[in-house]
Amino acid sequence: MNEERLWLLVSLQLSGEATPEELEELNSLLQQHPEKHLQVEIVRNMWKKEATAHEMVRDNSYDRHLQRLSNHLSEPVLQFEPAAAGEETIVSRPRRIMRRLLIGGSIAASLLIAFLLYKGDNQWERPVTEQAAGNTVSTTPGSKSHITLPDGTHVWINADSRITYDQHFTGKYREVHLTGEAYFDVAHDSARPFIIHTRSVDVRVLGTAFNVRSYPDEKTTETALIRGSVEVTLHNNPDKKIILKPNEKLVVNNSMLDDSVQQVSNGWDNEPMLTLSKVRYARADSSTSVEVMWVKNKLAFENETFERMVHELERWYNVRFQINNEKVKWLRFYGVFENKSLDEVLQALSFSGEFQYAINGREVTVW
Amino acid sequence: MVKETKTIQELQQRIALYEDMEAYHALYNAFFNNLRYFCYSFVKSNEVAEEIVSDVFIKLWQIRNRLMEVDNLRVYIYSIAKNFSLNYITRNFKHPVTSLDELDIEPVVRIGNPEELCISSDLVSKIRQTIRQLPPQCRLIFQMVKEDGMRYKEVAEVLNISVLTVRNQLAIATKKIADTLPAYLAEAIRSRV
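Top line first, the protein sequences correspond to chains A and B.
According to the working numbering, the first sequence is numbered sequentially starting from -3.
According to the working numbering, the second sequence is numbered sequentially starting from 215.
So this is what it looks like as structure tokens:
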């Protein structure tokens, strides 16, 4: 018997590369040579060993990887000049690997990639552009609006908010300026990044749906991601980029804007400067997150203090609140209201919160 | 295997078109274990191997928008991993690697335990030794086909060799392992005692 032939056929069978003819040949060989059965059987069993999954190891390693990835994205991705002498830190390693890769030219695609990265770099170092002289869409308290931008992006604008964008929207970037709250469903166009400027952060979008809330009278700027991914750059720390995953929300304290470094490190109002959390789902309606309920014309609160709700109610119904009872400010509420009048909403709230209210034209008094 | 390839293509698409971090995570999970072993074969350090895997995935994220231009993502990932590993060796041992056979490749091959194979533990260590004594390139090919489930064509592309070489080397590896094994059950039982 040709031993080489037998083991070639066995190896072809095990690696799934054998043709039907070869499998047949193997079978008849084995029928003729029963003395080989045991060896073949052991080799087959050995081959079948499934990979043992070390899930713990893997999960920990993914966390470490994400950390390295974000470190990496916040520094220049590619440098063509040789690394400085003595620079042996871990952080600088990937760069040098890539440089060598380029020099070696081992993968044809690397050149294209390098070009892309290089360009990508410049985009970030570019200063924020001047306010585009173009279209402004704004909503008054009590009204909401939906627009479609020239590139097909849908924007739902919440009450008392303003969006400005370049008239033609044909530049290298699709840029809008936002004051207030809007939900974006961005048309995918990887060649032209979509950037939303707010007073404390810039959000760079990569084809995706998310909510940005940046009202002047609120302490924080929120970015909640529903799907896809976005990259958030803080104005006061442009090197720091935060990538959000679906169903994550980034809350930036607006006081970061003007305060000195020291004050920032001390915190403001004892609230964290940056919080990354999950978007919230209301108990009553789990299909839509609380953050984007307003897009569906639902007024949603999930464990919200009355003090914070007041801003929302004022914008939603175009009224002003006068709260004469400090305790009411700290009441917390859950609930979703759809197509309800202010009176109906307040009736429900006052019933569970045991407070009194009176509506007088555009004035609401609570005690 | 076909199903797995389809899954990888789907993840590739989700990352390229939607920059989907969940898909990216799933891709990482799909490759992590084997890719780390693959890198380990070259660099022989768990920490370095993990870092190279991380570098590979950093690179994938950086080129995410062009990911659809990659024909076979598995081949692409292994090629980058191989190059990063060789670069590491070149940098740390101060001599450029020109041929895989110059390297001392440490194979990471799972064989299973003696009970499952119905053979003695002596025999298992003999098999291990046989695998370790294969020529470096042969070991690597064996590992990539058996452990990583790669097609001959894919292995050939990653290592820049011909499909015929892969086919022959794998047959050689299989025969050498088989030669270590007893031909008859009686012998197997005897060696267990």
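Every residue, glycine too, gets a C-beta built ideally from N, C-alpha and C.
All values reported here derive from a predicted model rather than from experimental measurement.
- Taking 9 Å as the cut-off between beta carbons, none of the residues of the segment 132 to 159 of chain A comes near chain B.
- The C-alpha of residue 303 (chain B) lies about 8 Å from the C-alpha of residue 256 (chain B).
- Contacts with chain A at 8 Å (Cβ-Cβ) do not include residue 334 (chain B).
- Interface annotation for the segment 229 to 247 of chain A against chain B: 239, 241, 242, criterion Cβ-Cβ distance under 8 Å.
- Selection B:366, B:259, B:349 evaluated against residue 299 (chain B) yields B:259 as nearest (Cα-Cα).
- Cα atoms of residue 29 (chain A) and residue 232 (chain B): separation of roughly 56 Å, rounded to the nearest angstrom.
- Residue pairing by DSSP puts residue 316 (chain A) in a beta bridge opposite A:359.
- Here residue 17 (chain A) is exposed. Its C-beta has fewer than 16 other C-beta atoms within 10 Å.
- For a cut-off of 8 Å, the C-beta gap from residue 210 (chain A) to residue 195 (chain A) is around 6 Å, short enough to register as a contact.
- With distances taken between CA atoms, residue 157 (chain A) lies nearest to A:137 out of A:167, A:171, A:137.
- In the displayed model, residue 329 (chain A) falls within a strand according to three-state DSSP.
- By the CB criterion at 8 Å, residue 32 (chain A) and residue 2 (chain A) fall inside the cutoff.
- What residue 192 (chain A) touches in chain B, judged by beta-carbon distance under 8 Å, is nothing: the nearest beta carbon there is about 16 Å away.
- Taking 8 Å as the cut-off, the beta carbon of residue 239 (chain A) is found closer than this to the beta carbon of residue 66 (chain A).
- Within chain A, the residues placing a beta-carbon under 8 Å from that of residue 366 (chain B) are 11, 13, ordered along the chain.
- Of the residues A:60, A:183, A:178, the one whose Cα lies closest to the Cα of residue 293 (chain A) is A:178.
- At a cut-off of 8 Å between C-beta atoms, residue 245 (chain B) does not count as an interface residue with respect to chain A.
- Counting C-beta atoms within 10 angstroms of its own C-beta, residue 144 (chain A) has fewer than 16 neighbours from the protein chains shown and is therefore classed as exposed.
- Closest option to residue 356 (chain A), judged by alpha-carbon separation, among A:317, A:346, A:0: A:317.
- Excluding the 5 residues flanking it on each side, residue 342 (chain A) has same chain C-beta neighbours closer than 6 Å at 353, in chain order.
- In the structure shown, residue 170 (chain A) adopts extended strand secondary structure according to DSSP, grouped into three states.
- Going by DSSP, residue 350 (chain B) is part of the alpha helix (DSSP H) stretching over 350 to 360.
- Cβ atoms of residue 216 (chain A) and residue 206 (chain A) stay farther apart than 8 Å, at about 16 Å.
- Within chain B, the residues whose beta carbon sits less than 8 Å from that of residue 0 (chain A) are 385, 389, listed in sequence order.
- Excluding its 5 nearest sequence neighbours in each direction, residue 367 (chain B) has C-beta neighbours in its own chain below 6 Å: 377, listed in chain order.
- Residue 20 (chain A) is classed as exposed because its beta carbon has fewer than 16 other beta carbons within 10 Å across all chains shown.
- Within the segment 338 to 359 of chain B, 341, 359 place their CB atoms closer than 8 Å to a CB of chain A, listed in sequence order.
- Identification of residues in the segment 253 to 285 of chain B having a C-beta nearer than 8 Å to some C-beta of chain A yields 264, 265, 267, 268, 269, 271, 272, 273, 275, 276, 277, 279, 280, 283, 284, given in sequence order.
- With a threshold of 16 other beta carbon atoms within 10 Å, residue 340 (chain A) falls short and is exposed.
- Where residue 209 (chain A) is concerned, the enclosing beta strand (DSSP E) starts and stops at 205 to 210.
- Look at residue 246 (chain A) here: in three-state DSSP terms it is strand.
- Rounded to whole angstroms, the gap between the alpha carbons of residue 164 (chain A) and residue 185 (chain A) is 16 Å.
- The beta carbon of residue 289 (chain B) lies closer than 7 Å to those of 368, 371, 372 in the same chain, with the five residues before and after it left out.
- Under the Cβ criterion of 8 Å, residue 242 (chain B) is counted among the residues facing chain A.
- Nearest in C-alpha terms to residue 323 (chain A), of all of A:333, A:349, A:191, is A:349.
- Judged by DSSP secondary structure, residue 290 (chain A) falls outside any beta strand (DSSP E); it is assigned neither H nor E.
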